[in-house]
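S.K.: Residue numbers (the working numbering): -15 to 264.
Heads up, the beta-carbon is just placed ideally off N, CA and C, and yes, glycines get one too.
Remember, predicted model here, so these are calculated numbers, not experimental data.
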Amino acid sequence: MTDATVAPTPSGRIAAFFDLDKTVIAKSSALAFSKPFFAQGLLNRRAVLKSSYAQFLFMLSGADHDQVERMRAHIAAMCTGWDVEQIKAIVAETLHDIVDPLVFAEAADLIADHRLRGHDVIIVSASGEEVVTPIATALGATHSTASRMRIEDGRYAGELEFYCYGEAKAEAIQALALQYGYDLARCYAYSDSSTDVPMLRAVGHPRAVNPDRVLRREAVENGWPILTFTRPVPLLHRFATTSPTVVAAAAAITAGAAAAGAAAYLALRRRPRHGFAARG
-15 MTDATVAPTP
-5 SGRIAAFFDL
5 DKTVIAKSSA
15 LAFSKPFFAQ
25 GLLNRRAVLK
35 SSYAQFLFML
45 SGADHDQVER
55 MRAHIAAMCT
65 GWDVEQIKAI
75 VAETLHDIVD
85 PLVFAEAADL
95 IADHRLRGHD
105 VIIVSASGEE
115 VVTPIATALG
125 ATHSTASRMR
135 IEDGRYAGEL
145 EFYCYGEAKA
155 EAIQALALQY
165 GYDLARCYAY
175 SDSSTDVPML
185 RAVGHPRAVN
195 PDRVLRREAV
205 ENGWPILTFT
215 RPVPLLHRFA
225 TTSPTVVAAA
235 AAITAGAAAA
245 GAAAYLALRR
255 RPRHGFAARG
């Protein structure tokens, strides 16, 4: 079903927009990295438990505006003072150990299929860009868009510049369409959550993936296809059944990320950790 506000431009390019958490990977990307963040003193046990509980309630309740604002404030406060380069180093060092086992094989196949058809693939996530960008690169995505924290002197300043959530995801997609010449009426979008209905309505080919109850109802009412993803498979395991070129590319991504992450990680471990501990 094509949204009536989307004006087709037949010469425009086609993109496939993928939500990340519970759509491409089997859990929250932000929570997936809580263990290495905790190990490096960025999170304390109370912050980890509070974040997990907040996300659990968030998913159960179908967040309203006030809940979204509380989540924004919680995320900003939790990350205040974190060293941005340290975060990038931790993500690069641990990316494949943490994320590879969580990728749905069905999502990886869909991404590959869109690429073979000449479509751009874009990851759209409410998680922070320091986490989302390297995951998107490892998945072979063309672009990504994610939440952004304001940074001062190399540290998070306790304020979200952009929260890529709800209507903001649709706005981000529309901005990308203008920037890269996508014809949204011919584009695809995939998500598991009812909070992403604005994103799904922004394109001509919305798809509900493992949908929550509200999104399932929306999909049925609008005739949107419903997809079921059930098989998290490590990326390199999946690539092992494909061509040697793809295997070599995957290995290069893994080795490059690990080498870059290890170098930055070791350098940062030698620096004083004063001020890295999470507030609260």
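1) Whose CA, out of Ala125, Thr78, Pro85 and Val83, lies closest to the CA of His98?
2) In terms of alpha-carbon separation, which member of Pro216, Gly(-4), Thr212 and Phe213 lies closest to His103?
3) I think Ala110 touches Tyr149, with their Cβ atoms under 8 Å apart; what is that distance to the nearest whole Å?
4) How is the alpha helix (DSSP H) around Ile157 delimited, first residue to last?
5) Hey, Ala57 and Cys171 are a contact pair by Cβ (cut 8 Å); roughly how many whole angstroms apart?
6) May I ask you to verify whether the stretch 61 to 77 touches the stretch 130 to 138, counting CB pairs closer than 8 Å and requiring at least 3?
7) What residue ranges within the stretch 91 to 152 form continuous beta strand (DSSP E) runs of no fewer than 3 residues, ordered along the chain?
8) Between the C-alpha atoms of Ala203 and Asp180, what's the straight-line distance to the nearest angstrom?
9) Indicate whether Ser175 and Val187 have their beta-carbon atoms separated by less than 8 Å.
10) Compute the beta-carbon to beta-carbon distance between Val108 and Thr129, rounded to the nearest angstrom, for a pair I have assumed lies under 8 Å.
11) The alpha helix (DSSP H) with Pro182 in it runs from where to where?
12) What is the C-beta distance between Ala122 and Leu79, in whole angstroms, given that I count them as a contact (C-beta under 8 Å)?
13) Where does Asp5 sit, in a helix, a strand or coil, going by DSSP?
14) Rounded to whole angstroms, what is the Cα-Cα separation between Asp3 and Ala173?
15) Quick check on Ala10: does DSSP put it in helix, strand or coil?
16) Beta-carbon separation of Met183 and Ala161 under 8 Å?
17) Among the candidates Ala92, Val75 and Glu145, whose CA atom is the shortest distance from the CA of Ser13?
18) Nearest to Asn206 by alpha carbon, out of Gly142, His189 and Thr64?
19) So, are the CB atoms of Phe213 and Ala61 less than 8 Å apart?
20) Can you grab the Cα-Cα spacing for the pair Arg185 / Lys6, in whole Å?
21) Could you work out which residue in Arg134, Phe1, Ala89 and Asp84 is closest to Ile119 when comparing CA atoms only?
22) Under the three-state reduction of DSSP, which class applies to Arg217: helix, strand or coil?
M.R.: This is what the structure gives:
1) Ala125
2) Gly(-4)
3) 4 Å
4) Glu151 to Tyr164
5) 33 Å between Cβ atoms; not a contact.
6) yes
7) 104 to 112, 127 to 136 and 139 to 146
8) 12 Å
9) no
10) 5 Å
11) Val181 to Arg185
12) 6 Å
13) strand
14) 8 Å
15) coil
16) no
17) Val75
18) His189
19) no
20) 19 Å
21) Asp84
22) First, the amino acid is wrong: residue 217 is Val here, not Arg. Correct three-state label for Val217: coil.
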